[in-house]
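Participant: Attaching a single structure in structure tokens format; questions to follow.
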Amino acid sequence: CHPRMGVEGRGGDGDRTYDDDDEDFYVSILNLTANNVFGIVPREIYTGFKRLKALDLSRNELEGTVGPELGLMTDLEDLFLFDNNFSGVLPEDIGKLGSLYNLYINDNKFSGRIPSQMGD
């Protein structure tokens, strides 16, 4: 987790205060590689971790489609979904991931075209 530090320290002892809003801490990397995870990816992965930089769900037994909520993860730089059983088409909303640098989706059952917004 990454704390968002407040501006003020206390008395020179190295302690720091933190802002008191609900985004003080956030997860920047979620790595579940090869953990025997199966089933569909819960919507909350996409909606609850909007500030993720890296999401690695590779080498599991995940299935179903990739939800359009993936487009909410606008800070995402690395997305690894390879070696699962995902199917269907990639959501058009994946084109909203302007920071995306690495996308590994091989060894799944995706169909259709890669969304045209990719790389814009």
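Taking our numbering, the leading residue of the sequence shown gets 0, the next gets one more, and so forth.
Here a beta-carbon is modelled for each residue, glycine too, at the ideal position from N, C-alpha and C.
Here the structure is a predicted model, which is why all the values come from computation and not from measurement.
Taking 8 Å as the threshold (C-beta atoms), are Asp-106 and Phe-79 in contact?
Facilitator: Result no, Cβ atoms of Phe-79 and Asp-106 do not sit closer than 8 Å.
Participant: Can you give the Cα-Cα distance for Val-26 and Arg-112, rounded to whole angstroms?
Facilitator: One C-alpha to the other measures close to 31 Å.
Participant: According to DSSP, what are the bridge partners of Ser-86?
Facilitator: Its beta-bridge partners are Lys-108.
Participant: For Ala-33, write down the residues that DSSP places opposite it in a beta bridge.
Facilitator: BP columns for Ala-33 are empty, so no partner.
Participant: Using a Cβ-Cβ cut-off of 6 Å (strictly less than) and excluding sequence neighbours within five positions of Ser-57, which residues of its own chain qualify?
Facilitator: Excluding sequence neighbours, Ser-57 sits near Thr-32, Phe-79, Phe-81 and Asp-82.
Participant: I need the straight-line Cα distance from Phe-109 to Tyr-103, nearest angstrom please.
Facilitator: In a straight line, the C-alpha of Phe-109 is about 12 Å away from that of Tyr-103.
Participant: Decide if Val-65 is buried, meaning its Cβ has at least 16 other Cβ atoms within 10 Å, or exposed.
Facilitator: Buried, by the Cβ-count rule.
Participant: Can you find the residues in the same chain that come closer than 8 Å, C-beta to C-beta, to Glu-62, ignoring five residues on each side of it along the sequence?
Facilitator: If we look at Glu-62 and ignore the five residues flanking it on each side, its Cβ neighbours are Phe-37, Gly-38, Ile-39, Asn-83, Asn-84, Phe-85 and Ser-86.
Participant: Starting from the C-beta of Asp-92, find all residues in its chain whose C-beta is less than 7 Å away, skip the five residues before and the five after it, and write them out in chain order.
Facilitator: For Asp-92, where only same-chain residues beyond five positions count, the Cβ hits under 7 Å are Pro-67, Leu-69 and Gly-70.
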